[in-house]
Amino acid sequence: MNNLLPLFVVGCGLWLSFLGVWGRLSTFRTGSGAGSAGEPTSRASAAVTVKAKVPTSLRIKQIGGLFWFCMGIATLWFSGIRDPRTRPNSWTLASVGLFWVVIGVWEFLTTVPRRVRRQLLSEENGRLAEIVTQHVEQAFPEGHVGLVVGAIAKDEEILLGFGARQVRGSQPPDADTVFEIGSISKAFTGILLAQRIESGELELDDRIAELLPEGWSLSEPAREITLRHCTTHTSGFPRLPANLLGISDVFHMLLGGDPYRDYSEEEFRNALATVKLTCDPGTEWGYSNFAAGLLGFVLATQNGTDYETLVTSKICQPLGMHRTTITNDDWLREHMPANYRFVLNLGPASFGLKSDEWQLPNHLAGAGAIRSTGRDMMTFLKANMGLIPTPIDAAIQRSHQVLFQERADRAMGMNWIRSFESAISQNIIWHNGGTGGFRTYLGFTEDHQYGVFVLSNTAIVGVDALAAGILKTLVRDQGPVSLPQSMATPR
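Its first residue numbered 1, the sequence shown is counted upward by one per residue in full-length UniProt numbering.
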């Protein structure tokens with residue numbers, strides 16, 4: 001029995017640690033870590049400080065940390081390290097005890113709540129600010145540095161900045177702070193395609209091979225791929241071009257480098273000519289930056305321009321999104337925050353590993369090259385929700401329509417993902433994004449009554465669960481509207 005006691009104690013510690021980690025992973029997936037709204041927040045537009053609340057999963061992790069720490073101290077005490085002759089294994093026991101102490105301190109300190117700076121970036125709306133702030137408070141211990149969050153509930157909206165532009169900074173990101181929005185760029189590409197469909201210039205079932213520049217070609221299996229396949233992730237293309245990442249590129253990326261920095265148009269052309277499909281086109285869903293980048297490239301080429309010029313002239317200018325761009329300039333560099341691939345929070349102290357900015361070349365830009373601000377993303381969200389009149393309304397709404405039913409609760413529009421959320425009994429139309437140092441999300445309910453976006457300058461922690469939690473709370477708080485039967489079922 002005495003021999004089993006150490007195993008039992010160690011098992012308890014491992015179980016507590018597992019529960020804490022599992023709780024955090026569950027929060028990332030479902031947003032279940034968000035609870036009811038807390039105390040009313042300040043109505044001042046100046047930056048204020050709120051204390052991050054610790055969700056149950058992190059409380060369990062704290063208890064696990066204390067457990068390991070106490071076990072380590074006890075092991076060190078009884079190891080006999082002061083007189084090794086009395087215990088032959090004293091150095092081994094001491095090493096184990098020291099390891100447990102380090103694990104315990106790390107587990108505990110990474111869950112200590114921090115003071116979170118918050119700045120109101122729009123007109124005050126007390127209830128919306130409460131909901132958003134309460135969710136962000138619970139998410140911050142997971143490792144965020146800076147966030148900009150926009151939320152819309154029926155005829156009300158709020159824009160808030162949280163945290164800081166850099167680790168150990170004091171200034172929250174504002175409405176003009178620039179973030180790499182990553183794969184939310186695909187939603188822009190979908191709208192560009194919808195515009196060409198609306199105008200009659202292209203058809204969804206036009207083959208990509210016939211739209212490539214002269215002298216370009218696709219491998220034999222890929223020649224039947226259409227615009228529809230590319231915009232619904234059913235092309236059978238791999239996630240990335242086979243010749244994008246060599247061994248040195250992988251190491252460069254792990255060290256925070258830009259994996260796209262040296263990927264030439266000639267390499268892209270060769271990748272198309274030799275691409276191997278993972279399935280027959282139109283039969284299976286498989287997320288592909290390669291196919292989305294190709295779609296953006298084809299649309300720009302057909303228009304006789306590059307992707308940035310196309311998205312600026314066809315979407316950003318009509319919507320008045322004047323700070324949404326791809327190319328770096330002096331204003332953008334001044335307003336871009338530090339961005340981090342990894343952040344370690346040890347109580348009040350934080351440490352971060354920075355990432356290079358990602359510069360996707362023109363031939364892959366449609367997959368994730370766009371940078372934008374909270375102010376512009378609020379405009380983009382409202383345009384997609386139909387809350388403001390725009391000259392491209394028809395194309396925007398067309399881009400949301402179902403083109404491929406992946407499974408019962410998820411379908412694809414023109415690069416938009418449509419997920420049925422049983423908690424609110426309707427579909428959410430959304431896309432997320434991630435680059436080396438940024439994570440983003442933008443989504444709204446199909447009834448166009450509720451929407452949210454989150455921009456983060458930390459890549460190690462996702463924002464999907466945070467955004468989904470806010471969105472669900474908005475619907476529950478204000479009550480769902482009556483939906484047509486077709487909108488109240490998965491599709």
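The C-beta atom is built at its ideal place from N, Cα and C for all residues, glycine as well. Computed from a predicted structure; not experimentally measured.
Close beta carbons around residue i, own chain, < 8 Å, minus the five adjacent residues each side
i, result
"residue 131", "37, 151, 470, 473, 474 and 477"
"residue 239", "286, 287, 288, 289 and 290"
"residue 253", "245, 259 and 436"
Environment of residue i [buried if 16+ CB atoms lie within 10 Å]
i, result
"residue 248", "exposed"
"residue 255", "exposed"
"residue 388", "exposed"
"residue 185", "buried"
"residue 375", "buried"
"residue 250", "exposed"
"residue 126", "exposed"
"residue 351", "exposed"
"residue 464", "buried"
"residue 357", "buried"
"residue 143", "buried"
"residue 210", "exposed"
"residue 447", "buried"
"residue 462", "buried"
"residue 170", "exposed"
Pairwise C-alpha distance: residue j and residue i
i, j, result
"residue 319", "residue 397", "14 Å"
"residue 381", "residue 281", "31 Å"
"residue 258", "residue 435", "9 Å"
"residue 220", "residue 393", "38 Å"
"residue 417", "residue 407", "12 Å"
"residue 216", "residue 195", "25 Å"
"residue 206", "residue 137", "48 Å"
"residue 276", "residue 242", "9 Å"
"residue 445", "residue 155", "14 Å"
"residue 232", "residue 73", "56 Å"
"residue 379", "residue 173", "18 Å"
"residue 230", "residue 390", "26 Å"
"residue 442", "residue 468", "10 Å"
"residue 191", "residue 316", "11 Å"
"residue 330", "residue 425", "46 Å"
"residue 430", "residue 101", "43 Å"
"residue 164", "residue 368", "24 Å"
"residue 333", "residue 366", "22 Å"
"residue 158", "residue 183", "24 Å"
"residue 460", "residue 272", "32 Å"
"residue 266", "residue 321", "32 Å"
"residue 177", "residue 325", "13 Å"
Cβ-heavy atom distance, residue i to the ligand GTP, below 7 Å
i, result
"residue 251", "Ligands displayed in this structure: none; no statement on the ligand GTP is therefore possible."
Whole-angstrom C-beta distance between residue j and residue i, which should lie under 8 Å
i, j, result
"residue 162", "residue 118", "5 Å"
"residue 121", "residue 160", "6 Å"
"residue 439", "residue 456", "5 Å"
"residue 167", "residue 340", "7 Å"
"residue 179", "residue 371", "7 Å"
"residue 145", "residue 343", "6 Å"
Cutoff 6 Å; reference residue i; Cβ partners in own chain excluding five residues on either side
i, result
"residue 310", "300 and 303"
"residue 323", "373 and 376"
"residue 451", "152, 381, 385 and 444"
Close beta carbons around residue i, own chain, < 7 Å, minus the five adjacent residues each side
i, result
"residue 384", "396 and 444"
"residue 314", "192 and 195"
Proximity test, Cβ basis, 8 Å: residue i and chain C
i, result
"residue 219", "Any reference to chain C falls outside this structure, which holds one protein chain only."
message: With three or more C-beta pairs closer than 8 Å as the rule, is the segment 216-224 touching the segment 400-407?
response: no
- prompt: With a cut-off of 8 Å, do at least 3 Cβ pairs link the segment 296-308 to the segment 357-372?
  reply: yes
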